[in-house]
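Participant: Per the UniProt record's numbering, the sequence shown starts with residue 1, numbered consecutively.
Yeah, the Cβ is synthetic: ideal placement off N, Cα and C, and Gly gets one too.
One structure, as structure tokens, below. Some questions next.
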Amino acid sequence: MLSRIENTFGKRKQLRLQDDHGSRGDWMSSTAILIPSSKHGTSINTIGNSGTVVNVTGDFNVYNGESATADTIGPPPPAATSADLLASRILQTIGVTAAARENLITAMHLALKAVPPTLFVLDNFETTWEGERDHAATRNLLQKITDCPSSTLIITMRATSPPPGIQWTVAESLPPLPAPAAKQVFLAINATFCDGSDDGNEVLEELLEELDYVPLAIHLLAHVSMDLFPRQVLKHWQKQRTCMLSLDLHTKDKLESVEISISLSMESLDVDRNFEAIQLLGMLCLLPDGLLRWEGYLDVIEKAFPSATFDLFLL
């Protein structure tokens, strides 16, 4: 089942700035900037850059790469692989132009002091954090955002620890979709999948259960199953499993292949420095239902793996 892969390899932390100004809304996950608007009771459902479902309810306009109303969302922009690029994109989104030769992060900081209460939601933040590995510049950008009293920041990223220098509230790993929402996501992409088949709905529900309702997997399967009969898709899945979940055999894009996404999560473990964790992971993968009451077995496990407790927290 796919969730065993995602839950083991694809550990994604949802991190929220510790809020000293009172509650500022629910958890959300997408690459977006949300700014209060005059529209009330707006409800938006979309897919974030990682396939994470976003459900926004409240007085917000959504800006995702290009300006959009509360009812539409523009196409996601290319990944921001550096702090300057992310700062530039934030400036562009809020409609501010930096002066010639002005430091982009400083310009962003000054601009944010003049905007209304704003919620920043940065998904796949490891792209920026690990892009040029200039952690000092990226940390400076985050601190500039959180330094503004009207700003709240949420990030999701593949990591064992969040960027230092900010007081984060750490949430649990993002859950899979509810079954009805998973079906809705699939059919939004491949609307005719169940047409002309007596058991199309039954097969789709079986496939979604096999995928453990993981958004990225659902998104990819919906695309690769275009113009195929449901039973044919199920047969391909039973033979190929995650190899089937790729839009291009030669892609290196984590949003176009589940296996690329998994490999990136593996890399985030830093295999060379934490090879014991990989050994332990290999053993755990042989246990279909995990290890019941594992805390009680740590003393036994540590006889063979002295760093077992540390390794488990890495996983």
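1) Assuming Leu104 and Leu91 are in contact, meaning their beta carbons sit under 8 Å apart, how far apart are those beta carbons, in whole angstroms?
2) Determine, using beta-carbon pairs with one atom in the stretch 126-141 and one in the stretch 149-169, whether at least three such pairs fall under 8 Å.
3) Check for me: the beta strand (DSSP E) holding Phe125 runs from which residue to which?
4) Roughly how many angstroms separate the alpha carbons of Gly95 and Ala111, rounded to a whole number?
5) Return helix, strand or coil for Met157, following the three-state DSSP convention.
6) Under the assumption that Ala83 contacts Thr146 (Cβ atoms under 8 Å), give the Cβ distance between them as a whole number of angstroms.
7) Write down the C-beta distance between Leu234 and Leu207 rounded to the nearest angstrom, noting that I regard them as a contact closer than 8 Å.
8) Hey, quick one: how far does the beta strand (DSSP E) through Val214 stretch, first residue to last?
9) Pull up the distance between the alpha-carbon of Gly131 and that of Leu153, whole angstroms please.
10) Among Lys183, Gln143 and Ile189, which one has its Cα closest to the Cα of Gln167?
11) Taking the beta strand (DSSP E) that Pro300 falls in, what are its first and last residues?
12) Whole angstroms is fine: what's the gap from Ile189's alpha carbon to His223's?
13) Grab the span of the alpha helix (DSSP H) containing Thr81 for me, first residue to last.
14) Mark Val300 as exposed unless 16 or more other C-beta atoms lie within 10 angstroms of its C-beta, in which case mark it buried.
15) Grouping DSSP H, G and I as helix and E and B as strand, with all else coil, what is Phe229?
16) Applying the criterion that 16 or more other CB atoms from any shown protein chain within 10 Å of the CB defines a buried residue, is Tyr213 buried or exposed?
17) Quick check: what's the CA-CA separation for Glu209 versus Ala179?
18) CB Leu177 to CB Pro116, shorter than 8 Å?
19) With DSSP as the reference, label Val170 as helix, strand or coil.
20) Excluding the 5 residues preceding and the 5 following Gly200 in the sequence, name in chain order all residues of the same chain whose CB lies nearer than 7 Å to its CB.
21) Lys113 to Thr97, Cα distance in whole Å?
22) Give the DSSP-derived three-state secondary structure of Thr192 in the structure shown.
Facilitator: Well, looking at it:
1) On the sequence shown, position 104 is the one that residue 104 refers to. On the sequence shown, position 91 is the one that residue 91 refers to. With a Cβ gap of about 7 Å, Leu104 and Leu91 count as contacting.
2) The stretch 126-141, when compared against the stretch 149-169, does touch it at the 8 Å Cβ threshold.
3) Counting from one through the sequence shown, the residue named residue 125 turns up at place 125. Annotation for Phe125: no beta strand (DSSP E) segment contains it, and DSSP assigns it neither H nor E.
4) Here residue 95 refers to the residue found at position 95 of the sequence shown. Here residue 111 refers to the residue found at position 111 of the sequence shown. The alpha-carbon atoms of Gly95 and Ala111 are separated by roughly 9 Å.
5) Translated into the one-based positions of the sequence shown, residue 157 becomes position 157. Residue state, collapsed to three classes: strand.
6) As a position in the sequence shown, residue 83 is number 83, starting the count at 1. As a position in the sequence shown, residue 146 is number 146, starting the count at 1. In fact, because the Cβ distance is near 14 Å, the residues do not count as touching under 8 Å.
7) Within the sequence shown, residue 234 is the residue found at index 234, counting from 1. Within the sequence shown, residue 207 is the residue found at index 207, counting from 1. Indeed, because the Cβ distance is near 6 Å, the residues count as touching under 8 Å.
8) Here the question's residue 214 lines up with position 214 in the sequence shown. Premise fails: Val214 is in no beta strand (DSSP E) and is neither H nor E.
9) The residue labelled residue 131 in the question sits at position 131 within the sequence shown. The residue labelled residue 153 in the question sits at position 153 within the sequence shown. Across the structure, Gly131 and Leu153 are spaced so that their CA atoms are roughly 20 Å apart.
10) Numbered from 1 along the sequence shown, position 167 holds the residue referred to as residue 167. Looking at the Cα atoms, Gln143 is the closest of the given residues.
11) Looking up residue 300 in the sequence shown gives position 300. Going by the sequence as given, residue 300 is Val instead of Pro. Run containing Val300: none in the beta strand (DSSP E); it sits in the alpha helix (DSSP H), Leu298 to Ala304.
12) Counting from one through the sequence shown, the residue named residue 189 turns up at place 189. Counting from one through the sequence shown, the residue named residue 223 turns up at place 223. Straight-line measurement puts the Cα of His223 at about 7 Å from the Cα of Ile189.
13) For the purposes of this step, residue 81 is taken as the residue at position 81 of the sequence shown. In the DSSP annotation of this structure, Thr81 is not part of any alpha helix (DSSP H), being labelled neither H nor E.
14) One-based indexing of the sequence shown puts residue 300 at position 300. By the Cβ neighbour-count rule, Val300 is exposed, with fewer than 16 other Cβ atoms within 10 Å of its own.
15) Translated into positions along the sequence shown, residue 229 becomes position 229. Phe229: coil per DSSP, three-state reduction.
16) By one-based count along the sequence shown, residue 213 stands at place 213. It counts as buried.
17) Your numbering for residue 209 matches position 209 in the sequence shown. Your numbering for residue 179 matches position 179 in the sequence shown. Between the C-alpha atoms of Glu209 and Ala179 there is a straight-line separation of about 8 Å.
18) Position 177 of the sequence shown, counted from the first residue, corresponds to residue 177. Position 116 of the sequence shown, counted from the first residue, corresponds to residue 116. For Leu177 and Pro116, no; Cβs fall outside 8 Å.
19) Along the sequence shown, read from residue 1 onward, the residue named residue 170 stands at position 170. Correct three-state label for Val170: strand.
20) If you number the sequence shown from 1, residue 200 lands on position 200. In the same chain as Gly200, and ignoring 5 residues on each side of it, the C-beta atoms closer than 7 Å to its own belong to Phe193, Cys194 and Pro230, in chain order.
21) By one-based count along the sequence shown, residue 113 stands at place 113. By one-based count along the sequence shown, residue 97 stands at place 97. C-alpha of Lys113 to C-alpha of Thr97: approximately 15 Å in a straight line.
22) Position 192 of the sequence shown, counted from the first residue, corresponds to residue 192. Taken through DSSP and simplified to helix, strand or coil, Thr192 comes out as coil.
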